[in-house]
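Q:
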Amino acid sequence: MLLKQFLTAATAPLARRRPSIAAMRLSLEIGSLFQFLPWGVHLDCFSLEGMAAEWIKPENANPRRVLLYLHGGGYVLGSLNTHRSAVGALAQRCAMHALTIEYRKAPDFPFPAALDDTLLAYRWLLRQGYRPHDIIVAGDSAGGGLALALLLALRDNREPLPAAGIGLSPWTDLELPTATIRRVAHEELQLLEALAIRGWGGLYADTTPLTAPLVSPVQADLHELPPLLLQTSDSEVLYDDVLTFAAKARCAGVPVTLQTFEGLVHWWHLFWRFVPEARQALDQAAAFTNGIWAAQQAAARVLHSLRAPARRPDSRARV
154 MLLKQFLTAA TAPLARRRPS IAAMRLSLEI GSLFQFLPWG VHLDCFSLEG MAAEWIKPEN
214 ANPRRVLLYL HGGGYVLGSL NTHRSAVGAL AQRCAMHALT IEYRKAPDFP FPAALDDTLL
274 AYRWLLRQGY RPHDIIVAGD SAGGGLALAL LLALRDNREP LPAAGIGLSP WTDLELPTAT
334 IRRVAHEELQ LLEALAIRGW GGLYADTTPL TAPLVSPVQA DLHELPPLLL QTSDSEVLYD
394 DVLTFAAKAR CAGVPVTLQT FEGLVHWWHL FWRFVPEARQ ALDQAAAFTN GIWAAQQAAA
454 RVLHSLRAPA RRPDSRARV
């Protein structure tokens with residue numbers, strides 16, 4: 154609650170002035186200067202086929218398992234810098250190496266640039282020898298929607314799917330329904346945020362319809378997707394968005410774990426050092442990943458037992 158009050162006081166005047174995208178990018182980059190990786194997490198910056206990327210490697214992590222993380226920011230904001238700390242905290246809890254990428258952003262690079270970059274990163278992991286069932290795709294806000302779009306694109310292309318997907322307040326409907334606008338109209342900051350991201354959605358989609366499934370994953374047929382974890386807060390603009398997607402995915406037979414928090418602002422995960430609910434959310438995401446690995450191990454044991462030859466009676470046994 155205190156975090157919400159602080160952000161409202163700090164950002165409401167800024168939201169009213171509606172600064173340029175360049176100014177908002179600069180503000181986020183300046184803010185990221187005070188974010189640091191958790192102790193015991195190491196950073197390796199490199200170029201992934203011409204795209205800036207980072208390996209975030211917690212000590213004692215399983216090097217064979219990868220968290221492909223896509224940062225949020227409405228497809229126009231955010232960077233490796235703005236999310237590095239939160240991704241490090243999540244990777245450390247999951248005991249996995251995380252790969253993050255600087256995917257291209259609107260309005261300079263509209264759809265499908267971000268999705269193409271994400272597909273490039275996933276396919277690169279496969280070429281490096283990582284197995285699909287050892288990869289989990291995750292993201293927050295627009296990055297969460299991008300992670301879901303990646304799953305849809307892989308499924309439609311009949312490419313191997315990762316073990317699971319994680320969406321932290323994922324943005325799945327770029328139309329941002331009028332019902333959502335009405336729900337948040339009584340709170341000035343939320344209304345300004347809703348109107349801003351609705352505009353960003355148009356910048357990202359450009360000439361592609363906002364209802365295109367790979368732009369707004371909630372519009373897609375959601376069959377045959379891997380297990381999903383979705384986290385949301387009842388106080389954020391995208392709350393209805395997440396609930397609608399979760400319900401539709403469940404109806405399509407997708408295993409969905411939906412975790413709802415109360416009274417938290419959008420992007421609360423980024424404040425994991427100061428907000429207990431942020432640490433709780435990251436812990437629950439780690440528990441979800443552990444459940445994925447446990448299910449894989451249980452399935453492997455069952456398969457092994459089915460393939461094992463039946464033991465024949467020992468003909469030499471004495472009667």
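Read in the working numbering, the sequence shown has 302 at position 149, and its numbers run on one by one without any break.
For each residue, glycine too, the CB sits at the ideal point set by N, CA and C.
Quick one, which of Arg426, Gly352, Glu377 has its alpha-carbon nearest Ile174's?
A: Gly352
Q: From this set, Ala248, Arg237, Leu223, which residue's C-alpha is nearest Glu212's C-alpha?
A: Ala248
Q: Answer with buried or exposed for Trp421, where buried requires no fewer than 16 other C-beta atoms within 10 angstroms of its C-beta.
A: Trp421 is buried by the Cβ-count criterion.
Q: Looking at the secondary structure, which residues open and close the alpha helix (DSSP H) in which Asp387 lies?
A: Neither: Asp387 is in no alpha helix (DSSP H) and is coded neither H nor E.
Q: Once the 5 residues before and after Val240 are set aside, which same chain residues still bring their CB inside 7 Å of it?
A: Ile209, Tyr222, Ala251, Thr253
Q: Just list the residues that DSSP pairs His195 with in beta bridges.
A: Beta-bridge annotation (DSSP): His195 is paired with Lys210.
Q: In angstroms with no decimal places, state the Cα-to-Cα distance between Leu344 and Asp387.
A: Note that Leu344 scores a pLDDT of 47, beneath 50, so its modelled location is shaky and nothing firm can be said.
Q: On the criterion of 16 or more Cβ atoms from any shown chain inside 10 Å, does Ser369 qualify as buried, or is it exposed?
A: buried
Q: Classify Gln372: buried if its beta carbon has 16 or more other beta carbons within 10 angstroms, exposed otherwise.
A: buried
Q: List the endpoints of the continuous alpha helix (DSSP H) containing Val428.
A: Taken as a continuous stretch (DSSP letters only), Val428 belongs to no alpha helix (DSSP H), as it is neither H nor E.
Q: So, helix, strand or coil for Pro216, using DSSP?
A: Strand.
Q: For His250, which beta-bridge partners are listed by DSSP?
A: Val219
Q: Measuring CB atoms only, is the region 300–316 touching the region 408–425, in the sense that at least three cross pairs come out at less than 8 Å?
A: no
Q: Spatial neighbours of Ala295 within its chain, please: C-beta separation below 7 Å, excluding the five flanking residues on both sides.
A: Hits under 7 Å: Gly225, Gly226, Gly227, Tyr228, Trp324.
Q: Buried or exposed, going by whether 16 or more other CB atoms sit within 10 Å of the CB of Glu341?
A: Note that Glu341 has pLDDT 45, beneath the 50 cutoff, so the model's placement of it is unreliable and the number below is only indicative. Burial call: exposed.
Q: Could you check what DSSP says for Ser458 in three-state terms: helix, strand or coil?
A: helix
Q: How many angstroms separate the CA atom of Ala440 from the CA atom of Gly320?
A: 14 Å
Q: Can Asp293 and Arg218 be called in contact, C-beta distance under 7 Å?
A: no
Q: Check whether the region 375–386 touches the region 399–409, taking contact to mean three or more Cβ pairs, one atom from each stretch, closer than 8 Å.
A: yes
Q: Counting C-beta neighbours from all protein chains within 10 Å, is the total for Ala399 16 or more, i.e. buried, or is it exposed?
A: buried
Q: Looking only at DSSP bridge pairs, what is Ala291 linked to?
A: Tyr222, Ile319
Q: Quick check on the DSSP output: the alpha helix (DSSP H) that includes Val418 runs from which residue to which?
A: Note, Val418: premise wrong, no alpha helix (DSSP H); not H, not E.
Q: How is Leu278 classed by DSSP in three states: helix, strand or coil?
A: helix
Q: Contact check, Ala259 vs Leu356 under 8 Å by CB: the rounded distance?
A: 4 Å
Q: Let me know if Pro263 comes out buried or exposed under the rule of 16 or more other beta-carbons within 10 Å of its beta-carbon.
A: With 16 or more other Cβ atoms within 10 Å, it is buried.
Q: With a CB to CB cut of under 7 Å and the five nearest residues on each side skipped, what residues in its chain are close to Leu329?
A: Same-chain partners within the cutoff: Ala347, Ile350, Arg351, Gly354.
Q: For Thr235, count neighbouring Cβ atoms within 10 angstroms of its own Cβ and tell me buried if that reaches 16, exposed if not.
A: buried
Q: For the alpha helix (DSSP H) that Lys401 lies in, which residues bound it at each end?
A: 392–404
Q: Start and end of the alpha helix (DSSP H) containing Ser185?
A: 174–185
Q: Bridge partners for Val409 per DSSP, in chain order?
A: Leu381
Q: Using the Cα positions of Asp270 and Cys198, report the straight-line distance between them to the nearest angstrom.
A: 17 Å
Q: Buried or exposed: Arg246, going by 16 or more other Cβ atoms within 10 Å of its Cβ?
A: buried
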